[in-house]
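A.B. asks:
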Amino acid sequence: MKPPVVQSSLLELAGTAREQYEAHQNEWWMVRPSAPVLFFGNLAGYEASCPRIATVGLNPSQHEFPSPSEDPFLRFPNADSDDAAVYLSVLSSYFRNCPYRSWFGSYEEVLQGMGATYYGAEENTALHTDIGSVLSTNPTWNKLDIQTRNQLTREGVPLWHDLIRCLQPDILFASIAWKWMNDGTIQLEPCASWEVIHTFEKKKEYRPRKSPVEIKARWYMHSTGHRFLIAHGRASQTPLGLLSNEQKRTAGCKILAHWQETRKD
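Here numbering that gives the first Met the number 0 is used: the sequence shown runs in plain steps of one and ends on residue 264.
1) Distance, Cα to Cα, residue 205 vs residue 198?
2) When you compare the region 16–29 with the region 91–102, are there three or more beta-carbon pairs, one atom per stretch, that lie closer than 8 Å?
3) According to the Cβ coordinates, are residue 74 and residue 167 closer than 8 Å?
4) Rounded to whole angstroms, what's the CA-CA distance from residue 255 to residue 152? Just pull it up for me.
5) Would you list, in sequence order, the uninterrupted beta strand (DSSP E) runs of no fewer than 3 residues that lie entirely inside the region 28–77?
6) Closest by CA to residue 193, which one among 221, 142, 217?
7) Reducing DSSP to helix, strand and coil, say where residue 128 ends up.
8) Looking at the secondary structure, which residues open and close the alpha helix (DSSP H) in which residue 18 lies?
9) Output the distance between the C-alpha atoms of residue 211 and residue 65, rounded to the nearest integer angstrom.
10) What does the alpha-carbon distance come out to for the pair residue 76 and residue 179?
11) For residue 143, which residues of its own chain have a beta-carbon under 8 Å away from its beta-carbon, when the five flanking residues on both sides are left out?
12) State the beta-bridge partners of residue 170 as determined by DSSP.
13) Nearest-angstrom Cα distance between residue 154 and residue 53?
14) Going straight from the alpha carbon of residue 116 to that of residue 232, what length do you get?
15) Apart from the five residues on each side of it in sequence, which residues of its chain come closer than 7 Å, Cβ to Cβ, to residue 119?
16) Suppose the cutoff is 8 Å on Cβ atoms and the five residues either side in sequence are ignored; what does the same chain contact list for residue 12 look like?
17) Can you tell me whether residue 128 is buried or exposed? The criterion is at least 16 other CB atoms within 10 Å of its CB, across all chains shown.
18) For the alpha helix (DSSP H) that residue 237 lies in, which residues bound it at each end?
19) Which residues in the same chain have their Cβ closer than 8 Å to the Cβ of residue 89, if we skip the five residues on either side of it in sequence?
20) Roughly how many angstroms lie between the CA atoms of residue 141 and residue 98, to the nearest whole one?
21) Using alpha carbons as the reference points, say which of 236, 147, 228 lies closest to residue 265.
22) Could you pull the DSSP bridge partners for residue 219 from this structure?
23) Using beta-carbon positions only, say whether residue 241 and residue 250 come within less than 8 Å of one another.
24) I'd like the list of long-range same chain contacts for residue 125, defined as Cβ closer than 7 Å, with 5 residues on each side in sequence excluded.
25) How many Å lie between residue 188 and residue 69 at the Cα?
26) Could you check how far apart the C-beta atoms of residue 32 and residue 59 are, in whole angstroms? I think they sit under 8 Å.
Encoded structure:
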């Protein structure tokens with residue numbers, strides 16, 4: 000039996016996210032107005048899913064909070080609430096409101112290959128998390144100076160680890176720079192080495208690639224003793240941006256099959 004999502008701990012993490020936002024709200028790179036985003040997606044649907052799947056990005060896009068001349072909290076109504084329970088409810092409603100579909104669409108294709116979705120139309124509901132920071136920045140992450148990125152990750156990476164311990168996922172899928180996977184950022188107990196589970200050698204147009212796109216996977220252990228799989232695929236502007244939608248769904252199928260075939264609990 001898998002461990003439950005710890006609601007009381009999530010309330011504490013919501014408070015930590017708020018503290019990080021308030022500590023940096025006057026920084027030049029902070030999107031204003033905005034709110035910290037601990038996670039995106041239906042928490043109750045995720046908890047009831049098998050497998051529990053979460054995707055991983057770097058930090059919330061500035062597009063999550065439209066300009067003040069529009070409605071900056073269009074996607075997150077009441078996300079600036081000081082009530083942690085209200086805040087978590089707002090995050091859970093994200094994909095039912097006005098999600099940033101042009102970015103999340105790439106991950107959604109992979110999820111559908113795993114029989115999951117952000118939107119609730121499949122048997123399993125996925126969440127999205129950000130490993131670098133819960134704070135929305137302008138410019139985007141890769142255009143921030145190294146000092147600012149280091150400042151954000153000093154707080155953001157430990158918070159992400161605490162979130163993953165609460166969420167107890169079965170599968171995490173990350174389409175971010177490979178260095179995040181192998182430079183020591185991930186402070187979780189590995190159970191095996193990274194393994195290439197599928198290679199896309201053809202382009203969207205079925206012409207050979209000069210540089211194949213690999214899907215890699217590695218088993219890790221939660222502190223509860225529950226094993227979970229982290230899978231990775233190269234990004235290009237968007238998650239798995241070098242692949243067609245059909246190939247993204249294939250990637251999802253391969254990840255799910257690897258989880259099913261190699262799990263031990």
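Idealized CB from N, CA, C, for every residue including glycine.
C.D. replies: Short version:
1) Taking the first residue of the sequence shown as 1, we reach residue 205 at position 206. Taking the first residue of the sequence shown as 1, we reach residue 198 at position 199. Going by the C-alpha atoms only, they are around 13 Å apart.
2) Touching, no, given that fewer than three Cβ pairs across the two stretches are closer than 8 Å.
3) Numbered from 1 along the sequence shown, position 75 holds the residue referred to as residue 74. Numbered from 1 along the sequence shown, position 168 holds the residue referred to as residue 167. No, Cβ-Cβ distance for residue 74 and residue 167 is not below 8 Å.
4) On the sequence shown, position 256 is the one that residue 255 refers to. On the sequence shown, position 153 is the one that residue 152 refers to. Using only the alpha carbons, I get a separation of about 30 Å.
5) Within the region 28–77, the complete beta strand (DSSP E) runs of at least 3 residues are 52–56.
6) Counted from its first residue, the sequence shown places residue 193 at position 194. For the residues 221, 142, 217, the minimum Cα distance to residue 193 belongs to 217.
7) Taking the first residue of the sequence shown as 1, we reach residue 128 at position 129. Here residue 128 sits in strand by DSSP.
8) In the sequence shown, the residue the question calls residue 18 occupies position 19. Taken as a continuous stretch (DSSP letters only), the alpha helix (DSSP H) holding residue 18 covers 6–23.
9) Taking the sequence shown and counting its residues from 1, one reaches residue 211 at position 212. Taking the sequence shown and counting its residues from 1, one reaches residue 65 at position 66. Each residue's alpha carbon lies about 37 Å from the other.
10) What you label residue 76 is simply residue 77 of the sequence shown in a count that begins at 1. What you label residue 179 is simply residue 180 of the sequence shown in a count that begins at 1. C-alpha of residue 76 to C-alpha of residue 179: approximately 32 Å in a straight line.
11) Along the sequence shown, read from residue 1 onward, the residue named residue 143 stands at position 144. Around residue 143: 28, 136, 151.
12) Residue numbering aside, residue 170 sits at position 171 when the sequence shown is read from its first letter. Partner(s): 52, 228.
13) The residue labelled residue 154 in the question sits at position 155 within the sequence shown. The residue labelled residue 53 in the question sits at position 54 within the sequence shown. Straight through space, the alpha carbons of residue 53 and residue 154 are spaced by roughly 21 Å.
14) Reading the sequence shown from its first residue, position 117 is the one you call residue 116. Reading the sequence shown from its first residue, position 233 is the one you call residue 232. Rounded to the nearest whole angstrom, the C-alpha separation of residue 116 and residue 232 is 18 Å.
15) The residue given as residue 119 occupies position 120 in the sequence shown. Excluding positions up to five away in sequence, the list reads 41, 44.
16) By one-based count along the sequence shown, residue 12 stands at place 13. Around residue 12, the same chain offers 37, 158, 161, 162, 165 as residues with beta carbons nearer than 8 Å, after the five sequence neighbours per side are excluded.
17) Within the sequence shown, numbered from 1, the residue matching residue 128 stands at position 129. Buried.
18) Translated into positions along the sequence shown, residue 237 becomes position 238. No alpha helix (DSSP H) contains residue 237, which DSSP labels as neither H nor E.
19) Position 90 of the sequence shown, counted from the start, is the residue given in the question as residue 89. Contacts found: 75, 76, 77, 78, 80.
20) Position 142 of the sequence shown, counted from the first residue, corresponds to residue 141. Position 99 of the sequence shown, counted from the first residue, corresponds to residue 98. Across the structure, residue 141 and residue 98 are spaced so that their CA atoms are roughly 22 Å apart.
21) In the structure as shown, the chain begins at 0 and stops at 264. Residue 265 is therefore absent and cannot be evaluated.
22) Position 220 of the sequence shown, counted from the first residue, corresponds to residue 219. Partner(s): 189, 227.
23) Translated into the one-based positions of the sequence shown, residue 241 becomes position 242. Translated into the one-based positions of the sequence shown, residue 250 becomes position 251. No, the pair does not count as a contact, with Cβ atoms beyond the cut-off.
24) The count along the sequence shown starts at 1 and reaches residue 125 at position 126. Counting only Cβ-Cβ distances below 7 Å, and skipping sequence neighbours, we find 40, 45, 52, 53, 54, 110, 115, 116, 117.
25) Your numbering for residue 188 matches position 189 in the sequence shown. Your numbering for residue 69 matches position 70 in the sequence shown. One C-alpha to the other measures close to 45 Å.
26) Looking up residue 32 in the sequence shown gives position 33. Looking up residue 59 in the sequence shown gives position 60. With a beta-carbon spacing of about 13 Å, residue 32 and residue 59 fall beyond the 8 Å limit used to define contacts.
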